[in-house]
Amino acid sequence: MPRVCASIGRVCWLSVVGSLVLLGQGRQTSPPSSPLAPEVRHYPPELLVTIGIGWGFQSGTFRGSCSQDFTNGRSQSWLVGLSYSLPLTATWLWGASPLFLLTKVQASYREREQLTFARPEDTISVPVETRNRAELTLPMLVLWSYLRWRPTPWLVFSVGPAVGIPLGSRFHHEKEPIQHSVVLSTGEIFTLPETGPLRVETGRLPPRLAWSGLAHVGGDIVIARSWWLSFGLYSWVPLSAMLQPPATLRLFHSSLTLSLGKSW
-9 MPRVCASIGR VCWLSVVGSL VLLGQGRQTS PPSSPLAPEV RHYPPELLVT
41 IGIGWGFQSG TFRGSCSQDF TNGRSQSWLV GLSYSLPLTA TWLWGASPLF
91 LLTKVQASYR EREQLTFARP EDTISVPVET RNRAELTLPM LVLWSYLRWR
141 PTPWLVFSVG PAVGIPLGSR FHHEKEPIQH SVVLSTGEIF TLPETGPLRV
191 ETGRLPPRLA WSGLAHVGGD IVIARSWWLS FGLYSWVPLS AMLQPPATLR
241 LFHSSLTLSL GKSW
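Encoded structure:
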């Protein structure tokens, strides 16, 4: 009886080991499972339509005809574009993407300056603290070439150089007093009239080709066979100024994106 039990035990052990070996071999030889490409080893070509909105901060300076520079600005941007990728290896793709990017930069500074006001009997020039505000709008066509890595079917990383081709610019500069009254040398209190913002300048600042490094990370959700939604983040690192000298404006910004993807 002990010999029979031992024989049965050896048979069960060999059966379990053989099953594990066959299962491991089956996992190694079967194609990788992927919601985007369940039947092939390589990810197929991908086409994505992308929209996004972003925020950033200013590095460097810019100014109009006035001598004071605008610094410490904030930016908001909107983008729409396409991207097309082709497979390189089992998990790597390469591709290109044209994007339309519209960026608005808002910056301000305070200064104390002489302003002239009219009174019924005369005119008066008094030192007043003012807030100067600027809004710079920069539309551009961005051309991006990238390498794309898919470590898993639902996660994607992309990185590559991008160049922004300027499509013009619009610059608006205004100021307004931030105090309501001034004490004159005679001791008289002069109340400033309600003038609202005063336009200083409206025009354009000459843009230039803007080089940057662009990185992207995204998460994919399959919605139908060969169709998916991708939620992502684009991060831009400027490599050159966006305006002609003497401006040194660069923008670090990130964009939250939503893409609709299709594979073949």
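Here the numbering used here is used: position 132 in the sequence shown is 122, and no number is missing along the way.
Just so you know, even glycine gets a beta-carbon here, dropped at the ideal spot from N, CA and C.
Give me the DSSP bridge partner(s) of residue i.
i: I43; result: W68, L246
i: M130; result: L91, P156
i: N122; result: Y99, K165
i: Q104; result: P117
i: Y136; result: G85
i: T142; result: L145
i: R240; result: S49
i: D210; result: S220
i: P35; result: None; P35 has no bridge partner.
i: V190; result: DSSP, once it has assigned bridges, lists no residue as partnering V190.
i: W254; result: In the DSSP output, where bridge partners are listed per residue, W254 has none listed.
i: G150; result: L204
Are the Cβ atoms of residue i and residue j separated by less than 8 Å?
i: W84; j: W139; result: no
i: S249; j: G44; result: no
i: R121; j: R102; result: no
i: T181; j: H170; result: yes
i: A231; j: L219; result: no
i: L69; j: L89; result: yes
i: K165; j: S216; result: no
i: S67; j: L91; result: yes
i: L233; j: F52; result: yes
i: Y136; j: S87; result: yes
i: P236; j: A200; result: no
i: I168; j: M130; result: no
What does a CB cutoff of less than 6 Å around residue i pick up in its chain, not counting 5 residues either side in sequence?
i: S65; result: G46, T93, V95, L241, H243
i: S159; result: L128, R194, L195, P197
i: A152; result: V132, W134, S202, L204
i: T40; result: G71, T247, S249
i: S225; result: A205, S244
i: S148; result: Y136, R138, H206
i: L174; result: F180
i: E125; result: Q96, H162
Just to confirm my understanding: we take residue i, look at its own chain, exclude 5 residues before and 5 after, and list those with CB closer than 7 Å. What are they?
i: A108; result: none
i: L145; result: G209
i: N62; result: Q48, A97
i: S55; result: E191
i: L78; result: W84
i: F221; result: G208, G209, L248
i: P141; result: T81
i: G150; result: W134, S135, Y136, L137, L204
Leaving out five residues on either side along the sequence, give the residues of the same chain with a beta carbon under 8 Å from the beta carbon of residue i.
i: Q104; result: S115, V116, P117, V118
i: T185; result: E166, P167
i: I211; result: W144, W218, L219, S220, F221
i: P187; result: R123, E164, K165, E166
i: T113; result: T106, F107
i: G14; result: Per-residue confidence for G14 stands at a pLDDT of 30, beneath the threshold of 50, marking its modelled position as unreliable; the derived number appears in the next sentence. If we look at G14 and ignore the five residues flanking it on each side, it has no Cβ neighbours.
i: Q58; result: Y99, E101, N122
Say the cut is 7 Å; is the CB of residue i nearer than that to a heavy atom of the ligand PLP?
i: I211; result: Inclusion of the ligand PLP in the displayed structure is not the case, the ligand content being empty and no account of it being possible.
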